[in-house]
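Participant:
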Amino acid sequence: MPFGEIVCGSPGSGKSTYCYGKHQLFTALNRPISIVNLDPANDSIPYPCAIDIASLITLQDVMAEHGLGPNGGLLYCMEYLEANFDWLEERLRALGRDAYVLFDLPGQVELSTNHDALKNIVEKLAKRSGFRLAVVHLCDAHYVTDAAKYISVLLLSLRTMLHLELPHVNVLSKIDLIAQYGDLDFNLDFYTEVQDLSYLENALSASTPRFAALNMAMVSLIEDYSLVGFETLAVEDKSSMLHLTRAIDRATGYIFVPPPSSAVPPGTVDTADPSDAAARPNSYALFSSAAGPMRAGPADDVRDVQERWIDGKEAWDAWERREWRREGETVRDEAARAGAGAGAGAGAGAGAGKGAGGIKIRERRPPEGEGRDVEMV
468 MPFGEIVCGS
478 PGSGKSTYCY
488 GKHQLFTALN
498 RPISIVNLDP
508 ANDSIPYPCA
518 IDIASLITLQ
528 DVMAEHGLGP
538 NGGLLYCMEY
548 LEANFDWLEE
558 RLRALGRDAY
568 VLFDLPGQVE
578 LSTNHDALKN
588 IVEKLAKRSG
598 FRLAVVHLCD
608 AHYVTDAAKY
618 ISVLLLSLRT
628 MLHLELPHVN
638 VLSKIDLIAQ
648 YGDLDFNLDF
658 YTEVQDLSYL
668 ENALSASTPR
678 FAALNMAMVS
688 LIEDYSLVGF
698 ETLAVEDKSS
708 MLHLTRAIDR
718 ATGYIFVPPP
728 SSAVPPGTVD
738 TADPSDAAAR
748 PNSYALFSSA
758 AGPMRAGPAD
768 DVRDVQERWI
778 DGKEAWDAWE
788 RREWRREGET
798 VRDEAARAGA
808 GAGAGAGAGA
818 GAGKGAGGIK
828 IRERRPPEGE
838 GRDVEMV
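Quick note on the working numbering: the sequence shown kicks off at 468 and runs consecutively.
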């Protein structure tokens, strides 16, 4: 059964960057992944593209032929894709039954909130093609720094959830840049868990006092549904990407177990273990499945995220640079010792080093107030 993600969000929210980062992560984890570009206006694709809608239709051609603007042209392109779904289905079938596909959508929010073309395409993917899908809705994290913008993002996320009717993971992207936009009025978990929004009343009334009643009516609407919550994402941070991947895997029910013949990323598994890949306690399989371990609760993770990217960002950045430098020196010294042992003879070389198990990974606790990481020894 193929699985997939419908990656949507407003323009500039980081959809293509997320797809590219996930392709790099999954390649390192030996997880299958294919990316489908469904944005007919995207002529600069940063990631390896398995299927490109530009082979079927482009926005420029539509605008030139039908005299439409950018918005109307995008709607026409989605309707054209819906009418020619067989074109997409045939190419998806060629990816195989075990495919994991990211569908990179245009940034026009109308497509995911009230236009039927995308909804119909998604329904066909699920019913005709047999995809298990989840929507990954990206929202720029800087919106939480302003109460009015935060409410608008909540409404947009809620409308998308109600329209597409799929398992949904809302994501505050670019969380690593949020400190640039000023201090938050509340802790980060207030925004990710969408707690008591009545606390925003003062901020909303101060900025738009004429619309105080309207603002509180929208707050009441969001709380009545009680559906919206957010994960966080710093696309260049491995732990952030892994945490989001586990959340999405739980939404789709995806469980990945590498085949016995698959190559094992060095440093993640004891390669001397003769058992098959399905039974090996390898960390990259656990990190890549719905059965993998997660933290005790989302609040714990959000507190860690706040410490890493908001409260102690500079200290964490400095600590990471020191760790990377020390790790590089350790790898260089290991390589030098291995080379010296090999030069001394095959017997001496076999007796030196760590044996067939490869590089071992252990968790270490850094100095107080910094965090945790792994150390290669």
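No residue lacks a Cβ here, since even glycine has one placed at the ideal position from N, Cα and C.
Would you mind working out which of Leu622, Ala679, Ala615 and Pro515 sits nearest Asn581, comparing C-alpha positions?
Facilitator: Checked all of Leu622, Ala679, Ala615 and Pro515; the closest Cα to Asn581 is Leu622.
Participant: Does the beta-carbon of Ala521 have 16 or more other beta-carbons within 10 angstroms, so that it is buried, or is it exposed?
Facilitator: Classification for Ala521: buried.
Participant: Let me know the beta strand (DSSP E) ranges lying completely inside the stretch 485 to 544, each 3 residues or longer, listed in chain order.
Facilitator: As far as the stretch 485 to 544 is concerned, its whole beta strand (DSSP E) runs of at least 3 residues are 501 to 504.
Participant: Check whether the Cβ of Ile518 lies closer than 9 Å to any Cβ atom in chain C.
Facilitator: This model lacks chain C altogether, as it is built from one protein chain only.
Participant: To the nearest angstrom, how far is the alpha carbon of Ala508 from that of Ser483?
Facilitator: C-alpha separation (whole angstroms): 13 Å.
Participant: Would you tell me roughly how many angstroms separate the C-alpha atoms of Lys489 and Thr712, rounded to the nearest one?
Facilitator: Roughly 9 Å separates the two Cα atoms.
Participant: Could you tell me whether the Cβ atoms of His454 and Ser624 are closer together than 9 Å?
Facilitator: Residue 454 falls outside the range modelled here, since the chain spans only 468 to 844, and no answer is possible.
Participant: Quick check on Trp791: buried or exposed, where buried means 16 or more other Cβ atoms within 10 Å of its Cβ?
Facilitator: Label assigned to Trp791: exposed.
Participant: Within 10 angstroms of the Cβ of Lys586, are there 16 or more other Cβ atoms? Answer buried if so, exposed if not.
Facilitator: Buried, because 16 or more other Cβ atoms sit within 10 Å of the Cβ of Lys586.
Participant: For Tyr487, which residues of its own chain have a beta-carbon under 7 Å away from its beta-carbon, when the five flanking residues on both sides are left out?
Facilitator: Pro513 and Tyr514.
Participant: Below 6 Å CB to CB, which residues in the same chain sit around Met708 once its five sequence neighbours on both sides are set aside?
Facilitator: Excluding sequence neighbours, Met708 sits near Leu492.
Participant: In chain order, what residues of the same chain lie with their CB nearer than 6 Å to the CB of Lys591, ignoring the 5 residues before and after it?
Facilitator: For Lys591, where only same-chain residues beyond five positions count, the Cβ hits under 6 Å are Phe552.
Participant: Using a threshold of 9 Å, state whether the C-beta atoms of Pro469 and Arg599 are closer than that.
Facilitator: Yes, they are a contact pair.
Participant: Which first and last residues belong to the beta strand (DSSP E) in which Glu472 is found?
Facilitator: It spans Phe470 to Gly476 - the beta strand (DSSP E) in which Glu472 sits, taken as one unbroken run.
Participant: Would you check if the distance between the CB atom of Lys780 and the CB atom of Asp643 is smaller than 9 Å?
Facilitator: Their beta carbons are under 9 Å apart, which means Lys780 touches Asp643 by this criterion.
Participant: Nearest-angstrom Cα distance between Glu577 and Asp613?
Facilitator: Their Cα atoms are separated by approximately 23 Å.
Participant: Where does Leu569 sit, in a helix, a strand or coil, going by DSSP?
Facilitator: Leu569 falls in the strand class under three-state DSSP.
Participant: Could you tell me which residues DSSP pairs with Glu794 in its beta bridges?
Facilitator: Paired residues: none, contrary to the question.
Participant: Buried or exposed: Arg762, going by 16 or more other Cβ atoms within 10 Å of its Cβ?
Facilitator: Legend: pLDDT at Arg762 = 49, less than 50; position of this residue unreliable, value from coordinates given subsequently. Looking at its Cβ environment, which holds fewer than 16 other Cβ atoms inside 10 Å, Arg762 is exposed.
Participant: Just the Cα atoms here: how many angstroms apart are Leu631 and Ile777?
Facilitator: Roughly 33 Å between the two C-alpha positions.
Participant: So Glu590 is in the alpha helix (DSSP H); what residue range does that whole segment cover?
Facilitator: Start and end: Asp583 to Lys594.
Participant: Report the three-state DSSP secondary structure of Leu555 (helix, strand or coil).
Facilitator: If DSSP states are grouped into helix, strand and coil, Leu555 belongs with the helices.
Participant: Determine the direct distance from the alpha carbon of Ala803 to that of Gly649, and round the result to whole angstroms.
Facilitator: Between Gly649 and Ala803, the C-alpha separation is close to 47 Å.
Participant: Got a sec? Which residues, its chain only, sit under 6 Å from Gly540 by beta carbon, not counting five neighbours each side?
Facilitator: So the list reads Leu526, Val529 and Met530, once near-sequence residues are dropped.
Participant: Beta carbon of Glu556, beta carbon of Arg595: below 9 Å?
Facilitator: A contact, by the Cβ cut-off of 9 Å.
Participant: Using 8 Å for Cβ pairs, my map puts Val611 next to Leu639. What's the rounded Cβ distance?
Facilitator: About 7 Å separates the two Cβ atoms, so the contact holds.
Participant: Can you tell me the Cα-Cα spacing of Asp767 and Gln773, whole angstroms?
Facilitator: Here Asp767 scores only 47 on pLDDT, less than 50, and its place in the model is too uncertain to base an answer on.
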